[in-house]
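Colleague: Numbering (full-length UniProt numbering), first residue to last: 1 to 384. For glycine and all other residues, C-beta sits at the position ideal for the given N, C-alpha and C. As the structure is a computational prediction, the values presented were derived from the model and not from experiment. Just passing along the structure, written as structure tokens.
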């Protein structure tokens, strides 16, 4: 079988090394071992823009550059790039047996549309709940989800939404190798301050400025000894660093940028007291929640429908109202000053993760896709 995976994130190619999001080997590894002829349709770029990156051998991860060249940020130039992508993808869909699409996003939307036009079987990996407000686009997405051979989603909320349109839907097993490791005990933490960790793209909707203002208040006004560390990159990083300087928080806040050293990333988790992601971005369940649970770090995030059930307020996480700096200040103050509250949340999160691991039981994302592809092949045999 010839299979293309359409990625929605950019990929960087350096010689024989492909830099992409971590955990992809948990998807393509089982597929390669099953001797599937596999390629990735990607946007190649020279800039590494993810929160954490992993290196893959280009001989294993065959990337197809889909015609993207940086032309500028104007709408017209973006449309030119999407036309190039459509042209490349049209041919690729015709020469492959199955298309697995990271969805939604512009590339996923275009790829699924081509599959419908060419009557090519495809599956969807839905990673966020994306509503544009454009009725025609929403109608096409409904058609794309309903016609998919299978749908895999991040989190139960997206599963419930997708099951209204398609009966073959399941929740993804998170693509993070950290969950497969035996994590060591937390490093000896500094008793002089409490360390807060943010991991994600540095864009406004992730709540990066709200957490900064909360830390400013706690550090400069209430004089609590706290440190904040950002891991990741994004379009608002420069603006964030400018605001850090303007608030005189250089000794309190640090931006690490993208991290390619997995062991260093694990050590940052071990050295952290609180994991804070005050996002109001449209997304599924971020896998960093599972990683924080694995390392026994209490989670502070926002009330979002996507993780209702997974994160319960004051049991497995502290939940704040989106965009509320005041709520962040109150929650952080409690977690900073009350060690018992942090420990209780950490135990609650660890308990949730252990229950999920029992359900996942020696399977990963690639095994899930293989299972659906096996069913698809059986259906094709019956038809012929």
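1) Whole angstroms is fine: what's the gap from residue 154's alpha carbon to residue 174's?
2) Can you tell me the Cβ-Cβ gap for residue 275 and residue 299, rounded? I've got them flagged as a contact below 8 Å.
3) Could you check whether residue 234 and residue 202 sit closer than 8 Å to each other, using their CB atoms as the reference points?
4) For the segment 277 to 336, which segments carrying the alpha helix (DSSP H) assignment without a break, of at least 4 residues, lie completely within its bounds, in sequence order?
5) Relative to the alpha-carbon of residue 128, which residue among 328, 244, 281 has its alpha-carbon at the smallest distance?
6) Is the separation between the beta-carbon of residue 417 and that of residue 365 shorter than 8 Å?
7) From what residue to what residue does the beta strand (DSSP E) around residue 169 run?
8) Is residue 252 near residue 213, with beta carbons less than 8 Å apart?
9) With a Cβ-Cβ cutoff of 8 Å, do residue 230 and residue 269 count as a contact?
10) Who are the near neighbours of residue 82 in its chain, counting only those whose CB is closer than 7 Å to its CB and skipping five residues on each side?
11) Measuring CB atoms only, is the segment 282 to 301 touching the segment 233 to 247, in the sense that at least three cross pairs come out at less than 8 Å?
12) Look up residue 195 in the DSSP assignment and give the residues it is bridged to.
13) Give the C-beta separation of residue 172 and residue 125 to the nearest angstrom, bearing in mind that I take them to be a contact with Cβ-Cβ under 8 Å.
14) Hey, is residue 112's beta-carbon within less than 8 Å of any beta-carbon in chain D?
15) So what's residue 134 in DSSP terms, helix, strand or just coil?
16) Please say whether residue 344 and residue 293 have beta carbons closer to each other than 8 Å?
17) Taking the beta strand (DSSP E) that residue 151 belongs to, which residues open and close that run?
18) What three-state label does DSSP hand residue 371 in the structure shown?
Modeller: Reading it off the structure:
1) 8 Å
2) 5 Å
3) By the CB criterion at 8 Å, residue 202 and residue 234 fall inside the cutoff.
4) 287 to 294
5) 281
6) The requested residue 417 does not occur in the structure, where the chain is confined to residues 1 to 384.
7) Residue 169: member of the beta strand (DSSP E) spanning 169 to 171, first to last residue.
8) no
9) no
10) Hits under 7 Å: 106, 110.
11) no
12) 227
13) 7 Å
14) Among the protein chains of the structure shown there is no chain D, as only one such chain exists.
15) coil
16) Cβ distance not < 8 Å, so residue 293 and residue 344 don't count as in contact.
17) 150 to 153
18) Three-state result, residue 371: helix.
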